[in-house]
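Numbering (the numbering used here), first residue to last: 1307 to 1494.
What follows is a set of notes on a single structure, which appears directly below.
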């Protein structure tokens, strides 16, 4: 028996509602697929410049105290490579100290970031306090030379992922607090 107060249902209205609900959930998936197929990549708000094309440093030999630097460490750890310009003096040393402090701010995750300085160690006043936290190495193949600044008393940095992929580059004059923010995003 039908209730005279309830209007009759249109045939197919339940199916239309079901299709509309499915479209609400499928639309973002379809949009993401189309964006991926078109080659679009979201731009992160990182402070470093992306290294394009990405390159692996796995075959790059950096000597540290006569031993090859292990890009792929026993535990997954990133490497922050400091590349000084000619004559690393007071300003360069100050930036190195701020880079070291960015590592310290990681607290319990600080051991997930290694500090590697490639070049002639600085001899400016205060170097003895800053440099013990850095491993000093040499790059005979000059694989990092394109990232090294040419201005005196400057330093640039390259962040290398635990799988030996060069992730981002911080050119001379970069903001160390921006580097710290990037490290906090990457290392959790």
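For glycine and all other residues, C-beta sits at the position ideal for the given N, C-alpha and C.
Exercise for the section: In the DSSP assignment, find the beta strand (DSSP E) that holds residue 1441 and state where it starts and stops. Expected result: Start at 1 with the first residue of the chain shown, and residue 1441 comes out as number 135. Start and end: 1441-1443.
Problem - DSSP-derived helix/strand/coil call for residue 1336 - result: Looking up residue 1336 in the chain shown gives position 30. Looking at residue 1336 - three-state DSSP - the assignment turns out to be helix.
Handout entry: Cutoff 6 Å; reference residue 1449; Cβ partners in own chain excluding five residues on either side
Key = Counting from 1 along the chain shown, the entry for residue 1449 is found at position 143. Once the five neighbours on either side are set aside, the close Cβ partners of residue 1449 are 1366.
Problem - Touch test, the segment 1439-1453 against the segment 1321-1331, Cβ-Cβ under 8 Å, three pairs minimum - result: The segment 1439-1453 makes no contact with the segment 1321-1331; the number of CB pairs closer than 8 Å stays below 3.
Practice task
Return the residue from the list 1424, 1376, 1420 that minimises the CA-CA distance to residue 1455.
Solution key: Taking the first residue of the chain shown as position 1, residue 1455 is located at position 149. The residue among 1424, 1376, 1420 with its C-alpha nearest the C-alpha of residue 1455 is 1424.
Practice task
Examine the Cβ distances between the segment 1356-1376 and the segment 1401-1416 and report whether three or more of them are shorter than 8 Å.
Solution key: The segment 1356-1376 vs the segment 1401-1416: no contact.
Handout entry: For residue 1436, the first and last residue of its enclosing alpha helix (DSSP H)
Key = Sequence index remark: in the chain shown, residue 1436 carries index 130 (1-based). Residue 1436 -> alpha helix (DSSP H) spans 1433-1436.
Handout entry: Near the ligand COA: residue 1345 beta-carbon under 7 Å from a heavy atom
Key = Because no ligand of any kind appears in the structure shown, any question about the ligand COA cannot be addressed here.
Practice task
Would you mind reading off the limits of the alpha helix (DSSP H) that contains residue 1483?
Solution key: Counting from 1 along the chain shown, the entry for residue 1483 is found at position 177. Per DSSP, the unbroken alpha helix (DSSP H) holding residue 1483 starts and ends at 1482-1492.
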